[in-house]
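Protein chains: 2
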Amino acid sequence: MALSFDCAKHKCGENTLASITPRFLKLPENSPLSLRDQICEVVSAAITSKSLAHDRPLPSCRELAEQLQVSRNTVFAAYNRLVDLELLVSRDRSGYFVAPQMAALNTALEDRELSEKDAAPCPVSFPSNNLMPIVNPLDWNAYPYPFIYNQIDPDLFPVDGWRECTRQALGRKQMPTWANDSVESDSPQLVQQLRQRLLNTRGIYADEDEILITLGSQNALYILGTIFAQSGKPIALEDPGFFGARNAFRLSGSELVGVAIDDDGIIPDAIPTGCQLVFTTPSHQFPTMVTMSQQRREDLLKAAVDKDFLIIEDDYEAEMNYVAKSSPSMRSMDKTGRVIYVGSLSKTVSPGIRLGFIVAHRDIIREARIARGVMMRHPPTIVQEIVALFFQLGHYDSHLRNIERRYNKRWHAMNSAITKHLSMLDRTKSEGGTSFWLSGPKGFDASELAVRLKDKGVLVDRGQDYYLNYNDSRSFRLGFAYVPVSNLEAGIEIIADEVTAML
Amino acid sequence: MALSFDCAKHKCGENTLASITPRFLKLPENSPLSLRDQICEVVSAAITSKSLAHDRPLPSCRELAEQLQVSRNTVFAAYNRLVDLELLVSRDRSGYFVAPQMAALNTALEDRELSEKDAAPCPVSFPSNNLMPIVNPLDWNAYPYPFIYNQIDPDLFPVDGWRECTRQALGRKQMPTWANDSVESDSPQLVQQLRQRLLNTRGIYADEDEILITLGSQNALYILGTIFAQSGKPIALEDPGFFGARNAFRLSGSELVGVAIDDDGIIPDAIPTGCQLVFTTPSHQFPTMVTMSQQRREDLLKAAVDKDFLIIEDDYEAEMNYVAKSSPSMRSMDKTGRVIYVGSLSKTVSPGIRLGFIVAHRDIIREARIARGVMMRHPPTIVQEIVALFFQLGHYDSHLRNIERRYNKRWHAMNSAITKHLSMLDRTKSEGGTSFWLSGPKGFDASELAVRLKDKGVLVDRGQDYYLNYNDSRSFRLGFAYVPVSNLEAGIEIIADEVTAML
C-alpha cells in the first residue's frame, strides 16, 4: 500500500522512459559505489549532458527500479539525494523533474556535435627524448612474485589512523586553512612535525625558512635541477644511480657526469672539477644499497670545498636499517652549508600521497620556492594537513615501527634465501633498505634473465637501466616491499633455477 | 576511590617528573586538536626525540593532569591511545613506559648535537630572476575589502559533500587504488568524469589518451612550456595577460612575445611569424575579462594554420557567465589538431586541491606525461579519487550551480556599484568571470591607488603586473569572489573616494 501511495504521489507520464537515452540508464559495471550512489551518478550525468527532458518527469521509482533491477527504495533514496543536491525537484502528483536551474545551464552547449579529431595528424613532432621512464607492467600486482621497487604493501598501511586524520583535517573549522591558495607558505604544522620528528632523528636542525615541501622527492630533485641549471655547469651522479635524479637533471637542462662507486659509496676522487652539484644517496646507495662509510662522508664533504661543488643528499630509505644503526646524515656533519638534504614520505607513509621536502640554506630554499610556485604553486594543502595530523597524533611513529619490523623480517628472509640459493652471484653488501643488488659473472645478461623470469611470474628490475655511462648488464635488483614473506623463498628458488640454466 | 585505585595500579616513581624536559610537557598554544590529541602529540614527540627515559615510568595520570591543568581522564585516554599505537606500554602497578621497540629506535641519533648553520653564508648566489610572483599580504583575509583574485569564498564550499567523498574514497577496499605509485596512468574515474561532465559541456570530445591530469592549470602550462621549449621558437601571449603563463614559459626556457588585445580578444594580425605557441584565454581574457568573439576565434584558428603555430586555450572561468551563454571552446571548433585545451578545477572545486588537466593530440599528451613523470610523477592519487567521487555523486554539478548563482548576484551588484560610483573610469566590457578591469585616464597611477587603498582596508590588484611589453599603470582589477555581497558597494565607495581625490 505504501508503495502504491508513493507511486500515486509521483505519477509519471507514459512516455517517460522514452525520454531518456537508454545508455544513460545503465548502471556502471563493477562499480565500488553503493547502488544508490550509482543511480545518483548516472542520473546526474544525464542531467549534465542534457540527455533528460526538462518538461517531462523522470521515470517513476517503480519504472526505474524495474529497468535497473534494483529495489524501489533504492531509486527513491537516490532521487531524494538528488533533490537534496538541488539537481532534481519533486512535484506532488507529477513526479521528479530536472531542477529548473539545471535546465538553464549556461555551460551546456545544446545540440552540439562533439568534434572527433582522431583523423588529424599531430601538427608537431617531438625529437625522441632520453628520459627512459622505467615502466613496470600495469598489472604488476597480478604477478605472484613482483620483486620490484617503489610499491608498498597495502596491508601495512594504517587505514584507520589515516581516516581519523582525514576526518579531523576536514572539520569545518579547518576548512579555510586548506581550501585556499597558498603559493608561498607550506603547512606550518607539517613543517613543524618534519623538524621535530623526522629531521631531528637525522641530526638536522632547520629553521622554517630552510625547509620546502615538495610533491615527493622526485619533484624536489627537479626543482633543484631547475634552479641550478642556469649555472651551465654539469651535475655529477652516482653510476649506477637513481634514474629519477638523472631524468630530473636532464629535463631541467643540465649536462650529466657519471661517477663510479665502490663498497664505501661514491668515490670523491672520481668527481671531475667544475661540477655544480653532486647527487648522492648515502644512507643506502640507489640501487646497490651500499651505505656510505663515515670516512667517505668526510672525504666527500672535503672534496665539496676543494672542488667547489654542492652536495644533494637524497636520504633514501634512511629509516630502514636492520643490521647497524643509521649513520648520521651528511647534512648534520656539514659546517659549510654545502649539503642540500632531500627527503620523502613515499616509503614511510605512502607513495600515493606524493610528499617530500628539501632542507637547504635559506637562499636556496627561497629560489626553490619561487620555482615551485611557477611549476605548480604548491602541493595540495589538504594532503599536507592530513599528513601533519598523521605525525601529530603519533600514527607516523607507530607506522614506521611496523614497517621496520615487517621489512626487517623480510630482509632477513631474503638474506637467508639468497645465501642459500643464489650463492653463485655476487651480492653487494647491504645493511638495510627494501632491495638487494645481485650481479652475475662477466658476460651474464641480467636483462635476458628478467625476460625469462617474467614468463614464470617473477618480476625483477634489470640493472642496465640504472647506468648512465657504463653499460653493465650483469646486475639486477630484487625489491621485496611487496612480496609477502611466505612467498620470498619460493620466488628466489625460481630465480636460482633460471640463473643456473643461464650460467 | 576509582581514581586512587587507578593511581595504585600505575604507581609512579618520585623522580618521574624530573625525567622529562619541561618544554616537551607544555601543550601547544591555540591548537585545534582535542586535549587528548594534544597530549598524544607532545608525548609521542617526546618519545621520538628520545626525551623520555626508557627505564622509568612516565608521570602518572594524576601528576600529568595537574601539570597540564587537564582532567585525569583526559590523560588516561591519551595514554591508552598511545598504548594502542604501541608507542607506550602499561605495566601493572608500575605505570606507563615507553615501548621497548621505541627504545631500540634505529633512526634516532643519541646525544647528537643539532648543527646550526645560520652562520654559514650561502656558497652559491642566484642571479635575480624576472618571475615576479604576485604576492598578496599573507593576512589578506583580515582586510575588510579584499578585492583580490584567486581565492574562493569558504562559505560556498560543500564541506559535507566533500567529507562524504573522502570517507568513501578512503574505504579499505579502495586503498590499493590510491596508496600505490602510478606514474603513468591517471585515475580512470576522474578522466571519465572530466570527459562526461566537463569537456562535454565545452563541446569537446577526447579519448582517454588525449587527457592528462595535472597539478592545477599552472602545472599544465609549465609542462607544456617544457615540452615545447626545445623547439627554440618564441611563445606569444596576450598582453596584458596571465602572469602565471608568462612565468611558466619563461622558467621552462622560452622567449616571450606580447600580443595586444582589443574588445574582441587577442589580435591575430599582431602575432609575429615564427612562434611555436600562442597562449590565449578566450572565455574571459585574463585579466581584462573580454570574451573573444566568434569571428575572432575563427580568425585565430586560421592564423594558426597560416603562421604554423599551436594555440594553448586556457579556458579560464568558462563556467562563469551571467549575461550571455558560454561560447563554444576553440578546441571544439578546431579541425586541425592545433588547439591544446587547459582546464582547472581551482575555481569550481577549490584552489587548495590543485587539480587541472590538458586535452590535446595524443602525441602531445604522451610527451607531456613523460615530462610530468620526471617533474613529480603524478598528482596525489587520493585527491584524484576524492574529486572523481565529487563528480560521480553529483556534488560538482550542484556546487557549480551554487557558485554561479552566488557570483552572478555579486557580479550584478558590482556592475551596479561600479556604474553608480566609478563612472569616471573606463570599464572593459565583460559578461562574466569573478573580476572587473578598470582604467583611469592617461597619467593615472593605479599602483599609487592600490597603495592608498590598502591603508583604508581595501586590497586591489594593480594592473601593471599583468603587462609584459607595455608598462601601463592606468589599470587595476577588482576581484569579488571573496568579498561578501553586503560589503561590495561600501568597498566601491571607498575606491571612488580615492580615485576622485587622485584625479
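Residue numbers (our numbering), protein chains in the order written: chain E, 1 to 503; chain L, 1001 to 1503.
All C-beta atoms, glycine included, are put in the ideal place defined by N, C-alpha and C.
Buried versus exposed call for residue i [16 or more other C-beta atoms within 10 Å across all chains shown]
| i | result |
| --- | --- |
| E/V305 | exposed |
| L/L1503 | exposed |
| L/Q1285 | buried |
| E/V259 | buried |
| L/G1274 | exposed |
| E/R372 | buried |
| E/E210 | buried |
| L/V1359 | buried |
| L/A1045 | buried |
| L/E1110 | Confidence at L/E1110 is low in this model, with a pLDDT of 44, below 50, so its placement is unreliable and the value that follows should be read with caution. So L/E1110 ends up on the exposed side. |
| L/V1483 | buried |
| L/A1142 | exposed |
Beta-carbon neighbours of residue i, restricted to chain L and to distances below 9 Å
| i | result |
| --- | --- |
| E/L33 | Q1168, L1389, Q1392 and L1393 |
| E/V458 | Within chain L, no residue comes near E/V458; the closest Cβ sits about 20 Å away, beyond 9 Å. |
| E/A446 | Going along chain L, no residue has its Cβ under 9 Å from E/A446, so there is no contact; the nearest lies around 23 Å. |
| E/H361 | K1117, A1120, P1121, C1122, P1123 and V1124 |
Short Cβ contact (9 Å threshold) for residue i with residue j
| i | j | result |
| --- | --- | --- |
| L/V1458 | L/P1137 | no |
| L/I1223 | L/M1375 | yes |
| E/Q362 | E/N219 | Checking the displayed sequence, the identity of residue 362 of chain E turns out to be Arg instead of Gln. The answer is no: Cβ separation not under 9 Å. |
| E/I267 | E/K307 | no |
| E/F242 | E/L310 | no |
| E/D264 | L/Q1392 | no |
| E/S283 | E/G432 | yes |
| E/Q230 | L/F1126 | yes |
| L/D1239 | L/N1469 | yes |
Contact with chain E by residue i, beta-carbon distance below 9 Å
| i | result |
| --- | --- |
| L/E1553 | No information on residue 1553 of chain L is available, as it lies outside the stretch 1001 to 1503 that chain L covers here. |
| L/Q1285 | no |
| L/L1237 | no |
| L/T1082 | Residue identity check: residue 1082 of chain L is Leu in the sequence provided, not Thr. At least one chain E Cβ lies under 9 Å of L/L1082. |
| L/T1280 | no |
| L/R1354 | yes |
| L/R1405 | yes |
| L/V1070 | no |
| L/P1144 | no |
CB contact below 9 Å: residue i versus chain L
| i | result |
| --- | --- |
| E/H378 | yes |
| E/F76 | no |
| E/F357 | no |
| E/C61 | no |
| E/P441 | no |
| E/M330 | no |
| E/Q464 | no |
| E/T201 | yes |
| E/M289 | no |
| E/W162 | yes |
Closer than 7 Å at the beta carbon, the chain L residues around residue i
| i | result |
| --- | --- |
| E/A45 | Q1196 and R1197 |
| E/P123 | L1310, T1336, G1337 and R1338 |
| E/Q218 | M1376 and R1377 |
| E/L215 | L1215 and M1376 |
Residue interval of the alpha helix (DSSP H) (run including residue i)
| i | result |
| --- | --- |
| E/V70 | Segment: none, E/V70 is in no alpha helix (DSSP H) and carries neither H nor E. |
| L/I1039 | L1035 to T1048 |
| E/Y149 | Neither: E/Y149 is in no alpha helix (DSSP H) and is coded neither H nor E. |
| L/G1161 | V1159 to A1169 |
| L/Y1407 | H1395 to H1421 |
| L/E1489 | V1485 to M1502 |
Residue i: first and last residue of the uninterrupted beta strand (DSSP E) it sits in
| i | result |
| --- | --- |
| L/I1204 | Taken as a continuous stretch (DSSP letters only), L/I1204 belongs to no beta strand (DSSP E), as it is neither H nor E. |
| E/F97 | G95 to V98 |
| E/A236 | I235 to E238 |
| E/G258 | L256 to V259 |
Listed by chain order, chain E residues near residue i by CB distance under 7 Å
| i | result |
| --- | --- |
| L/V1374 | L131, Y222, N247, A248 and L251 |
Under 9 Å by beta carbon: chain E residues contacting residue i
| i | result |
| --- | --- |
| L/C1040 | Q392, L393 and G394 |
| L/L1052 | Here the premise fails: no neighbours, minimum Cβ distance about 13 Å. |
Closer than 8 Å at the beta carbon, the chain L residues around residue i
| i | result |
| --- | --- |
| E/V383 | P1380, I1382 and V1383 |
Please list the residues of the stretch 292–305 of chain E that have a C-beta atom closer than 7 Å to any C-beta atom in chain C, keeping them in chain order. No chain C is part of this structure, whose protein chains are labelled E and L.
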